[in-house]
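Undergrad: This structure is in structure tokens; I'll ask about it shortly.
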Amino acid sequence: MTETTRNYDRILGNWFTGVDSYPDSYTEGCESVAKWQSEPDRSGQLAAFKAELAAHIRDSSDTPMSKRDHQWLNDEWLRNLWYDLFGPEPVPDDPYPVSAEDWGHPRETPYIEYAVGESEDDATEGERAWLAQRGLTHAEIRRGGFARPAPADYRDRLARLTAEGRRTPYDGEV
Amino acid sequence: MAGDDGSGPVRRALTGLLDAWLDLDRSSAAPLDQARSQAAVVARAASGARPEGVAVAEQVPPLVALGLTAAADSLAGLARVFADEAGALVALLTGVPGPVTLAVLGSGPDAVVASFPAGPGRDYVRDLVADAAVDERQPSEVAERVPTVNAIPLSVAAGLRSAFDESVREDILAMVCHPRGHAVQLHGPDVPDEALMARVSWKKDPMGRSDAKNSWLRDADGRVRTKHGLGHVAGKFTTVKSLAKPVNALLAHCGGTLAGLHAYLEEQASMGRARIFVPADVAGLEPGDTTGFRGAGTSTPEMARHWKDARKDTMKAGGGPMPIVRTDQIAEGEDAGAAMILDRADSGAWLMVTCYPTGVPDEKFTRLRSTTS
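In the order they appear, the protein sequences are chains A and B.
The first sequence maps to residues 2 to 175 in the working numbering.
The second sequence maps to residues 83 to 455 in the working numbering.
This is the structure we're talking about:
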């Protein structure tokens with residue numbers, strides 16, 4: 002899909018971007034998903050956000066606003082956000098799915114980077130619950146990169162999606 | 083190395099190598115010159131002391147010249163080792179390999195930069211070398227001794243009180259100084275430089291909170307453990323007046339009333355949180371209104387990631403500090419302003435979680451438009 006909706010932009014902007022300046026908002030949001038899903042006035046917004054997130058990952062169509070990163074890194078960031086919010090269920094129709102065993106070994110999402118400590122001993126309640134829902138343990142986590150190298154056919158795929166009108170290109174996207 | 087394993091240790095090693103190389107480049111010429119002139123002094127002294135001294139004096143200059151040539155060769159060899167290793171590390175970080183062409187020792191920092199292949203490698207090193215001339219380093223044992231302050235200083239509270247219009251004063255004060263917020267304690271004018279340096283270098287919470295998300299511990303062997311959340315910049319407003327500027331701009335945008343403000347925040351928020359970016363010109367923020375520290379050599383998102391990975395690595399290893407550079411985000415940022423985060427409290431009133439200066443607006447924050455344009 003080409004455009005982002007206001008609901009999508011607002012949830013991202015109010016909670017999940019700007020991780021470098023204020024990581025707590027991102028991690029608090031990740032720990033709030035179950036609560037939001039149980040609240041009638043919020044569950045619908047979140048479900049719509051989830052469906053749109055999947056569509057943008059599929060179509061590489063959420064372009065980084067600052068244009069300081071490549072589209073691929075933005076896509077990979079969104080895949081991390083998906084996992085951080087919704088867990089290991091695969092992104093529907095993801096052309097480049099992350100294999101389930103990569104998460105946490107060694108793929109390090111922002112939640113793992115900022116909220117998961119080195120040991121079980123000083124873990125917060127939210128951190129324990131997050132890890133348990135994903136079948137991860139402190140002992141097994143190996144911290145590596147947050148993104149894979151762009152696939153060989155990625156440039157062609159972007160061009161095709163652009164030609165099909167499913168995304169808007171920008172200078173320096175690859 | 084966009085997210086591959088190991089960028090932290092690689093960046094740390096590169097930082098150390100460049101330090102040593104720049105130091106060698108800067109300091110190797112002087113001792114050689116000094117040895118040469120000392121030899122001349124020795125020769126003069128020897129020739130006058132005893133009759134045999136003349137013969138000794140004649141032997142000194144050629145011997146010293148031989149020694150100095152050997153020393154210069156061995157220093158150049160050392161520089162070659164630094165250059166080759168630095169080149170390999172830069173290739174790992176940028177993903178672009180290329181030969182390093184060494185200049186004569188003593189040619190200066192620009193020559194060190196120019197010895198890297200043109201393109202991403204040279205760009206990467208240029209940023210590191212430029213910051214190396216002005217960086218600061220705070221060892222973790224110094225960070226450990228930096229005092230923490232949890233309370234809002236009375237003088238700041240009083241200053242804020244007078245900064246807001248009487249009609250909304252109490253409500254806005256309660257919003258900005260809410261117990262769940264920390265704009266004043268983390269980004270207010272009374273936060274000392276050393277606390278900002280400890281925050282960015284070692285992720286030490288200036289408030290000294292002891293909860294699981296913010297507690298900070300330095301082991302006897304120098305390892306540092308904390309989950310305190312921070313990227314590669316820590317900044318503050320230098321005066322109460324500058325701290326109040328974005329708040330007043332937000333208020334003005336909403337018609338100057340609490341009801342207007344609440345209606346605006348309800349409109350912008352999702353799940354009870356609103357994040358607003360107030361551009362510097364809308365807030366009236368000027369150079370000097372903010373200060374802080376950023377990681378050295380962080381001019382691109384990827385370089386900033388490498389710096390953070392290196393900080394993580396040195397925290398875990400009990401190593402030395404990563405270099406940091408003083409910054410005024412309003413003066414230096416490409417699209418600077420203040421970012422604020424507001425939450426709806428259970429009471430329905432809004433509280434300010436935080437408000438901090440930023441050089442680049444966080445993506446998709448609600449951008450406050452000027453009321454006059």
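For glycine and all other residues, C-beta sits at the position ideal for the given N, C-alpha and C.
Quantities reported herein were computed from a predicted structural model and do not represent experimental measurements.
1) Which residues in chain C sit within 7 Å of E102 of chain A, going by Cβ to Cβ distance?
2) List the residues of chain A that Y438 of chain B touches, going by C-beta distances under 8 Å, in chain order.
3) Taking three-plus beta-carbon pairs below 8 Å as touching, is the segment 431–444 of chain B in contact with the segment 396–414 of chain B?
4) In terms of DSSP beta bridges, what is T440 of chain B paired with?
5) For G135 of chain B, name the three-state secondary structure that DSSP assigns.
6) Can you give me the C-alpha to C-alpha distance between A326 of chain B and F375 of chain B, rounded to a whole angstrom?
7) Could you tell me the distance, in whole angstroms, from the CA atom of V123 of chain B to the CA atom of D107 of chain B?
8) Within 10 angstroms of the Cβ of A116 of chain A, are there 16 or more other Cβ atoms? Answer buried if so, exposed if not.
9) With three or more C-beta pairs closer than 8 Å as the rule, is the segment 390–403 of chain B touching the segment 300–317 of chain B?
10) May I ask you to verify whether the segment 187–203 of chain B touches the segment 107–121 of chain B, counting CB pairs closer than 8 Å and requiring at least 3?
11) When you compare the CB positions of A151 of chain A and W73 of chain A, do they come within less than 8 Å of one another, or not?
12) Strictly below 9 Å CB to CB, what residues from chain A border H314 of chain B?
13) Quick one: what does DSSP say M434 of chain B is sitting in, helix, strand or coil?
14) For L54 of chain A, which option in A:D94, A:S33 and A:E32 has the closest C-alpha, if you only look at C-alpha atoms?
15) Going along chain A, which residues have a C-beta under 8 Å from A421 of chain B?
16) Which of the residues in the segment 333–366 of chain B, read from start to end, lie with their CB under 8 Å from any CB of chain A?
17) Below 8 Å between beta carbons is the criterion; list the residues of the segment 262–289 of chain B that meet it against any residue of chain A, in chain order.
18) Does any residue of chain A bring its CB to less than 8 Å from the CB of D444 of chain B?
19) Does at least one heavy atom of the ligand GTP sit under 7 Å from the Cβ of W104 of chain A?
20) With H, G and I counted as helix, E and B as strand and the rest as coil, what does DSSP make of L312 of chain B?
21) Alpha carbons only, please: which of B:G415, B:S249 and B:L333 is nearest the one belonging to P369 of chain B?
22) Say whether the segment 170–181 of chain B touches the segment 89–98 of chain B, bearing in mind that this needs 3 or more beta-carbon pairs closer than 8 Å, one atom from each stretch.
23) What's the call for E77 of chain A, buried or exposed, on a 16-neighbour Cβ count within 10 Å?
24) By Cβ distance below 7 Å, which residues in the same chain neighbour Y97 of chain A in space, the five residues on each side in sequence not counted?
25) Taking the DSSP output, what are the residues bridged to W104 of chain A?
26) Between A:E102, A:L13 and A:S39, which lies nearest to Y27 of chain A when the distance is taken from Cα to Cα?
27) How about N232 of chain B and G290 of chain B: are their beta carbons less than 8 Å apart?
28) Which residue's Cα is closest to the Cα of Q134 of chain A: A:F87, A:H71 and A:G19?
29) So which residues of chain B does E119 of chain A contact, with C-beta pairs closer than 9 Å?
30) If distances are taken between C-alpha atoms only, which option among B:Q120, B:R126 and B:V224 comes closest to A147 of chain B?
31) Suppose contacts are defined by Cβ-Cβ distances below 8 Å. Is R204 of chain B in contact with V195 of chain B by that definition?
32) Answer yes if the segment 301–311 of chain B comes into contact with the segment 251–260 of chain B, meaning at least three C-beta pairs across the two stretches below 8 Å, and no otherwise.
33) Three or more beta-carbon pairs under 8 Å between the segment 278–287 of chain B and the segment 372–389 of chain B, yes or no?
34) What ranges does the alpha helix (DSSP H) occupy inside the segment 54–78 of chain A, keeping only unbroken runs of at least 4 residues that lie completely in it?
35) Any idea if S244 of chain B is buried or exposed, counting beta-carbon neighbours within 10 angstroms, 16 or more meaning buried?
36) Can you check whether the C-beta of L86 of chain A is within less than 8 Å of a C-beta belonging to chain B?
TA: In terms of the structure at hand:
1) In the structure shown, chain C does not exist; the protein chains are A and B.
2) S22 and Y23
3) Yes, the segment 431–444 of chain B is in contact with the segment 396–414 of chain B.
4) Within the DSSP bridge table, the entry for T440 of chain B names B:G419 as partners.
5) helix
6) 21 Å
7) 26 Å
8) buried
9) yes
10) yes
11) Yes.
12) D21
13) strand
14) The shortest CA-to-CA distance from L54 of chain A to any of A:D94, A:S33 and A:E32 is the one to A:D94.
15) G19, S22 and Y23
16) Result list: Q350, A351, S352, M353, R355, A356 and R357.
17) none
18) yes
19) As presented, the structure is devoid of all ligands, the ligand GTP included, so that no description of it is given.
20) coil
21) B:G415
22) yes
23) buried
24) Setting aside the 5 residues that flank it on each side, Y97 of chain A is surrounded in the same chain by P152, each with a C-beta closer than 7 Å to its C-beta; the list follows chain order.
25) A:R108
26) A:L13
27) yes
28) For Q134 of chain A, the closest C-alpha among the options A:F87, A:H71 and A:G19 is that of A:F87.
29) R307 and K398
30) B:Q120
31) yes
32) no
33) These segments touch.
34) none
35) Label assigned to S244 of chain B: exposed.
36) No, because no Cβ of chain B sits closer than 8 Å to the Cβ of L86 of chain A.
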